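**Q**
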Amino acid sequence: MAVELLKGKVHKYGDNVDTDVIIPARYLNITDRRELGSHCLEDLDKNFVKKVVSGDFIVAGKNFGSGSSREQAVIAIKEAGVAAVIAVSFARIFFRNAINIGLPIIECQDAAVAIADGDRVEIDLSRGIIKDVTRKKHWQAQPFPEFLRKLIDAGGLLNYVRSNRQVR
Amino acid sequence: MSMTLAEKIIAKHAGRNSVQPGEFVEAKVDICLGNDITAPLAIEQFEKLGFGKVFDAERICLVPDHFTPSKDIKSAQQVASLRQFVQKYGIKHWWEIGRAGVEHSLLPEQGVVLPGDLIIGADSHTCTYGAIGAFAVGIGSTDLAACFGTGKVWLKVPPTIRVIYEGAPQTWVGGKDYILALLGQLGVDGALYKVLEFGGSAVRNLPVSGRFTMCNMTIEAGAKTGIIEPDGVAVKFVEVSAERPYEIQHGDSDAAFESTIKIDVSGLEPQVALPYLPSNVKPISQVSNIVVDQVFIGSCTNGSLDDLRVAAKILDGRKVHPAVRLIVIPTTPTVYVNAIKEGLIEKFVKAGAAIGPCTCGPCLGGHMGVLARGERACATSNRNFVGRMGHPESEVYLTNPAVAAATAIAGKIVHPEEIVGKVS
């Protein structure tokens, strides 16, 4: 398996970034994915979509993605071009949604605290290594449990369900 | 091996003798649900799977309740996609607008969700059904899509925190205050990935409506769900409308809880959650001079008949403050009809309230009472995040229905006693 190395700039936010600020309800009548992406984080940081470049990362504090179950929050982040989210912790429905539709997420308290806004970061997803190039520091995230690894390797929940169905 | 109530239900649905916190299981689902903003995405994902049929047309619920009656063309398209899916696959549990209500009030009332069930819903407040002894968790649209096809869900078995409420509450204090007080202690991630199991005499003395309110807001502490051991009160509620047989589960008396929290409600004042977190809670005596523009009584948290009765007691014969809009939304058509029969609706309208159709509407800033820049609302709903009810520079204060009704009259957040005097 080729080592997938993600490289990008960090947009840093605090604790409890909820899904209402990631994609406000006034946009939940939108089904076009790209349009959802154009409103990503609008109520937290109006300039986010102007600043973000494809391949960038969001780094945040604890309980990222809390509140509403809206999967549109994960879609908006993906469509805005964010390659991965690093946080101290994730709210559980957001966590599921990200795993299910393939937004790379990494729980790593030390990294999430130390990395600053604007830092250049490299992430080796398969090995769970986060490197802050700006600060010349690196961290090892806890690996995913085996079951989640299977889901991730399958390419998300739909592919996992599809391949299990063929086996049966 | 001893298990908590939540573990018992998970083990049974995973075909296991026992489960332990931290394990991953694939569990059979009794009921899955989605609404007009989460189900369209699930339907799109399900069609990509190419199953051609759903696992069981009787165990899927679709409730158009968020932006309904459709607020604009895009919302109408979303409901249309639900309608189409319902017809294509012969989905049994579908409520057309007019028969639909706020999903988490409607499904228990109609006897669709039952004790001992394992329920998943593409809505974070699915945890509400724990009040009748079900294990009910919020999930995303893709989880729902997979469940449409397989009837299963993947779950990590959560540890359980037990919360014991004891004591006799003061007048105007109820389930909303119990859960807000806990949120104030735990914070918005204090129960992350965990189950909050409620017990104690104060919980047993609550009507089912107050228990639904408590379980409803467990997600606000990050919990996977809330749950209460079903007792006579719960069974009496369920028996009225249960649409199929069910099997009540009980936790073992020696089950291992991760921790136990004790709360004495006897001195508890009505609680208020200040912007912008549901955990930013203060007793009402510490909240002064919060002038409001709007009051909302409704939502899956506090829009039950019991809640409307409480509000009507305070609003009866009084007038809403000239500078305040009061919006009252009964959660289901049955609640609505009963509120008419009991004369509650007349009291609200005479007091100067606007009555909405059964919808989530203003709770999530959808429609039927969206806030302008700089406006402030007192709401009986569950979230007060930035922009939750409208403009990102608006504010939401969360309270119980009695405080909300008193606030509508006073024009600022007040204890109900300031309107009706002390009740001995």
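Protein chains in written order, with my numbering: chain Z, 28 to 195; chain H, 1474 to 1897. Think of the CB as a built atom: it goes at the ideal place given N, C-alpha and C, for glycine as much as any other residue. Only a predicted model underlies this, so the values are computations on that prediction, with no experimental measurement involved.
In the DSSP output, which residue or residues are listed as bridge partners for D45/Z?
**A** Mapped onto the first sequence, residue 45/Z falls at position 18. In DSSP, D45/Z forms a bridge with S93/Z.
**Q** With 8 Å as the threshold, decide whether the Cβ of K1521/H is near any Cβ in chain Z.
**A** Taking the first residue of the second sequence as 1, we reach residue 1521/H at position 48. Taking Cβ atoms only, chain Z reaches closer than 8 Å to K1521/H, which makes this a yes.
**Q** Listing by chain order, which chain H residues have their CB less than 7 Å from the CB of N56/Z?
**A** As a first step, residue 56/Z must be located in the first sequence, where it is residue number 29. In chain order: F1540, D1545, K1547, S1548, Q1551.
**Q** Could you give the residue range of the alpha helix (DSSP H) that holds H1486/H?
**A** Along the second sequence, one-based indexing puts residue 1486/H at 13. Run containing H1486/H: 1478-1486, per the alpha helix (DSSP H) assignment.
**Q** Using the Cα positions of V1708/H and D1779/H, report the straight-line distance between them to the nearest angstrom.
**A** Position 235 of the second sequence, counting from 1, holds the residue named residue 1708/H. Position 306 of the second sequence, counting from 1, holds the residue named residue 1779/H. About 18 Å.
**Q** Mind checking if E98/Z is an interface residue toward chain H, Cβ cutoff 8 Å exclusive?
**A** Locating residue 98/Z in the first sequence gives position 71, counting from the first residue. It does; some Cβ of chain H falls within 8 Å.
**Q** Residues in the same chain with beta-carbon distance under 6 Å from A125/Z, minus the five sequence neighbours each way, listed in chain order, please.
**A** Against the first sequence, residue 125/Z aligns to sequence position 98. Here the set comprises V101, I132.
**Q** Contact criterion: CB-CB distance below 8 Å. Does D180/Z meet it with respect to chain H?
**A** Residue numbering aside, residue 180/Z sits at position 153 when the first sequence is read from its first letter. No, D180/Z does not count as interfacial toward chain H.
**Q** Determine the chain H residues that contact A118/Z at a beta-carbon separation under 8 Å, and present them in chain order.
**A** On the first sequence, residue 118/Z is found 91 positions in, with the first residue counted as 1. What A118/Z touches in chain H: D1662, L1665, G1695.
**Q** Quick check on A1875/H - is its C-beta less than 8 Å from some C-beta in chain Z?
**A** As a first step, residue 1875/H is located in the second sequence; it is residue number 402 there, counting from the start. Cβ-Cβ to chain Z under 8 Å: no for A1875/H.
**Q** Beta carbons nearer than 7 Å to chain Z: which residues of the segment 1854-1867 of chain H have them?
**A** For the segment 1854-1867 of chain H, which is checked against every Cβ of chain Z, the residues closer than 7 Å are R1856, F1858, V1859, G1860, R1861, P1865.
**Q** Could you give the first and the last residue of the continuous alpha helix (DSSP H) run that contains R1677/H?
**A** As a working mapping, residue 1677/H is identified with position 204 in the second sequence. Segment 1674-1677, the alpha helix (DSSP H) holding R1677/H.
**Q** Tell me the rounded alpha-carbon separation between E1576/H and D47/Z.
**A** In the second sequence, the residue the question calls residue 1576/H occupies position 103. In the first sequence, the residue the question calls residue 47/Z occupies position 20. Distance between the alpha carbons of E1576/H and D47/Z is about 20 Å.
**Q** Over what stretch of residues does the beta strand (DSSP E) that includes L1535/H continue unbroken?
**A** For the purposes of this step, residue 1535/H is identified with residue 62 of the second sequence, where counting begins at 1. It spans 1533-1536 - the beta strand (DSSP E) in which L1535/H sits, taken as one unbroken run.
**Q** Straight-line CA distance for Q1518/H to A1530/H?
**A** On the second sequence, position 45 is the one that residue 1518/H refers to. On the second sequence, position 57 is the one that residue 1530/H refers to. Those two C-alpha atoms are separated by around 17 Å.
**Q** Report buried or exposed for N1490/H, applying the criterion of at least 16 other Cβ atoms within 10 angstroms of its Cβ.
**A** Taking the second sequence and counting its residues from 1, the one referred to as residue 1490/H is at position 17. Flag for N1490/H reads exposed.
**Q** In chain Z, which residues lie less than 7 Å from S1597/H when you measure between Cβ atoms?
**A** Working through the second sequence from its first residue, we reach residue 1597/H at position 124. Those are G94, S95, S96, I120, listed as they occur along chain Z.
**Q** Classify M28/Z as buried or exposed, calling it buried when 16 or more other Cβ atoms lie within 10 Å of its own Cβ.
**A** Position 1 of the first sequence, counted from the start, is the residue given in the question as residue 28/Z. Here M28/Z scores only 42 on pLDDT, less than 50, and its place in the model is too uncertain to base an answer on.
**Q** Are the Cβ atoms of L1580/H and C1534/H separated by less than 8 Å?
**A** Translated into positions along the second sequence, residue 1580/H becomes position 107. Translated into positions along the second sequence, residue 1534/H becomes position 61. Yes, these two residues count as a Cβ contact at 8 Å.
**Q** Output the boundary residues of the beta strand (DSSP E) element that contains F1519/H.
**A** Taking the second sequence and counting its residues from 1, the one referred to as residue 1519/H is at position 46. First-last for F1519/H: 1512-1522, but that is the alpha helix (DSSP H), not the beta strand (DSSP E).
**Q** If I follow the unbroken alpha helix (DSSP H) through H1577/H, where does it start and stop?
**A** Numbered from its first residue, the second sequence carries residue 1577/H at position 104. Per DSSP, H1577/H belongs to the alpha helix (DSSP H) from 1576-1582.
**Q** I'd like to know whether the C-beta atoms of S1578/H and T1805/H end up nearer to each other than 8 Å.
**A** Counting from one through the second sequence, the residue named residue 1578/H turns up at place 105. Counting from one through the second sequence, the residue named residue 1805/H turns up at place 332. Yes; because the gap between Cβ atoms is below 8 Å, this pair is in contact.
**Q** Does W1568/H have its Cβ less than 8 Å from a Cβ in chain Z?
**A** As a position in the second sequence, residue 1568/H is number 95, starting the count at 1. No, W1568/H lies away from the interface with chain Z (no Cβ there is under 8 Å from its Cβ).
**Q** Is there at least one Cβ from chain H nearer than 8 Å to P170/Z's Cβ?
**A** Taking the first residue of the first sequence as position 1, residue 170/Z is located at position 143. So no, P170/Z is outside the interface.
**Q** With H, G and I counted as helix, E and B as strand and the rest as coil, what does DSSP make of C67/Z?
**A** Position 40 of the first sequence, counted from the start, is the residue given in the question as residue 67/Z. Here C67/Z sits in coil by DSSP.
**Q** How big is the Cα-Cα spacing for V109/Z and A1715/H?
**A** One-based indexing of the first sequence puts residue 109/Z at position 82. One-based indexing of the second sequence puts residue 1715/H at position 242. Taking the straight line from one Cα to the other gives about 46 Å.
**Q** Give me the subset of the segment 71-91 of chain Z whose CB atoms are less than 8 Å from a CB atom of chain H, sorted by chain position.
**A** The segment 71-91 of chain Z vs chain H, Cβ under 8 Å: L71, K89, N90.
**Q** With 8 Å as the threshold, decide whether the Cβ of M28/Z is near any Cβ in chain H.
**A** Looking up residue 28/Z in the first sequence gives position 1. Residue confidence for M28/Z is low, a pLDDT of 42 falling below 50, so the modelled location carries little weight; the figure read from the coordinates is stated next. Answer no: the Cβ-Cβ gap between M28/Z and chain H never drops below 8 Å.
**Q** Could you name the residues of the same chain whose beta carbon sits closer than 7 Å to that of G145/Z, not counting the 5 residues immediately before and after it, in chain order?
**A** Mapped onto the first sequence, residue 145/Z falls at position 118. Here the set comprises K36, V37.
**Q** Give the straight-line distance between the Cα atoms of Y1719/H and E1702/H, rounded to the nearest whole angstrom.
**A** Here residue 1719/H refers to the residue found at position 246 when the second sequence is read from its first residue. Here residue 1702/H refers to the residue found at position 229 when the second sequence is read from its first residue. Each residue's alpha carbon lies about 15 Å from the other.
**Q** Using a Cβ cut-off of 8 Å (strictly closer), state whether R176/Z contacts chain H.
**A** As a first step, residue 176/Z is located in the first sequence; it is residue number 149 there, counting from the start. Answer no: the Cβ-Cβ gap between R176/Z and chain H never drops below 8 Å.
**Q** Does any CB atom of chain Z fall closer than 8 Å to the CB of W1627/H?
**A** As a working note, residue 1627/H is residue 154 in the second sequence. Yes, its Cβ sits closer than 8 Å to a Cβ of chain Z.
**Q** In chain H, which residues lie with their C-beta within 8 Å of the C-beta of P51/Z?
**A** Counted from its first residue, the first sequence places residue 51/Z at position 24. Under the 8 Å cutoff, chain H gives G1838, G1860, P1865.
**Q** Quick one: what does DSSP say E98/Z is sitting in, helix, strand or coil?
**A** Counting from one through the first sequence, the residue named residue 98/Z turns up at place 71. Coil at E98/Z, not helix or strand.
**Q** Could you tell me which whole beta strand (DSSP E) segments of length 3 or greater appear in the segment 1567-1642 of chain H?
**A** Correct list: 1591-1594, 1608-1611, 1625-1629, 1633-1639.
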